[in-house]
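Working notes, beginning with the structure itself.
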Amino acid sequence: MEGDSVTLHTDVKTNQQEKIRWYFNDARIAQITGDLSYICTDVQCEDADERFRDRLKLDNQTGSLTIRDIRTTDSGLYRLRIISSNSISEEISILAVYDAPEQDQMKRKSVNEGESVTLDPGEVKNLNYLMKWYFNDTLIAEITGDPNKTCTDGQCEDPDGRFRDRLEVNQTGSLTVRNTTITDSGLYKLQINSSNRISIIKIFSVIVTAVPDSRVSSAAKEGTYAVVVVVLLSTAAAAAAAVIYYRYRKSTQA
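Heads up: the sequence shown begins at 22 in the working numbering, then just goes up one per residue.
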């Protein structure tokens with residue numbers, strides 16, 4: 022039910038590291054030092070994000086981060102940075118939080134890196150409806166009844182540059198992502214606005230798997246990538262959770 026907690030694990034011991042830092046969309050939200058001389062969470066940290074006030078818990082032994090009372094606005098990119106005496110490693114997790122009714126309608130797609138994936142909403146009763154595609158709540162494509170007013174990625178009002186020149190839309194509402202990368206993994210939402218102002222939401226969960234022998238992404242050969250999907254249920258619904266986990270870790274020598 023809404024208000025549940027989710028824990029992002031580190032798989033390390035704090036006494037073996039100099040610093041462990043957690044970031045949400047590039048804002049530092051938690052930090053712990055190996056000797057426990059400095060610990061901060063949410064608003065205590067320098068680059069604090071108010072949305073997490075009093076909802077974060079940091080494990081003193083492992084540095085794992087628990088988010089309490091999870092909300093849909095907690096969806097996004099979480100980055101873990103582990104600093105030891107001779108190396109620096111990073112791990113990325115995508116946390117997608119959504120209501121239970123959306124879970125029932127969600128479609129799942131899985132492709133290998135470098136392949137194309139098409140997200141097809143099925144039959145749309147009126148092709149003159151305004152249709153908007155979002156990736157993790159960022160507008161990436163817009164489709165109208167007029168082909169001249171259709172936009173993708175860099176042409177849209179609030180584009181995400183990661184998809185530049187890789188998106189193709191169809192007037193039926195379908196979206197194709199070409200030359201996929203592991204960072205394309207996440208939640209895609211199609212919002213269909215009808216003339217009577219009723220919005221229909223269709224959700225797709227996309228997992229892009231790295232191909233070890235592929236030259237598409239050398240960074241993908243170094244590790245794994247994480248997508249965590251958490252279901253928020255209303256009090257009237259039975260408790261349930263869906264977790265998709267594919268971890269990306271990159272290490273460098275200090």
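Virtual Cβ for every residue (Gly too), placed ideally from N, Cα, C.
Note that the segment 74-91 touches the segment 42-61; at least 3 beta-carbon pairs, one per stretch, sit closer than 8 angstroms. Sequence-distant Cβ neighbours of Cys61 in its own chain, meaning closer than 6 angstroms and more than five residues away, are Gln52.
Here Phe73 has Ile50 and Asp63 as same chain residues with Cβ atoms under 6 angstroms from its own Cβ, once five neighbours each way along the sequence are excluded. Residue pairing from DSSP places Lys40 in a beta bridge opposite Thr54 and Ile104. Here Ser137 has Thr197, Val198, Arg199, Asn200 and Thr201 as same chain residues with Cβ atoms under 8 angstroms from its own Cβ, once five neighbours each way along the sequence are excluded.
Taking each of Val118, Ser110, Leu188 and Leu140 in turn and checking the Cα distance to Lys128, the smallest one comes out for Leu140.
Here the C-alpha atom of Val132 lies approximately 10 angstroms from the C-alpha atom of Ser206.
Taking the Cα positions, Thr165 is about 47 angstroms away from Ile109. Distance from the CA of Ala117 to the CA of Asn157, rounded to the nearest whole angstrom, comes to 8 angstroms. For Met127, there is no enclosing beta strand (DSSP E), as DSSP gives it neither H nor E. A check of alpha carbon separations from Thr230 across Glu134, Leu79, Cys172 and Ser96 identifies Glu134 as the nearest. Bridge partners of Ser226 according to DSSP: Arg129 and Leu208.
The bridge partners DSSP lists for Arg49 are Tyr44. Between the alpha carbons of Arg89 and Ser26 lies a distance of about 4 angstroms.
With contacts defined by Cβ atoms closer than 7 angstroms, Pro233 and Gly194 do not form a contacting pair. Tyr155 has Leu160 and Lys210 as its beta-bridge partners, per DSSP. In this structure, Leu208 keeps its C-beta atom at 7 angstroms or more from the C-beta atom of Tyr99.
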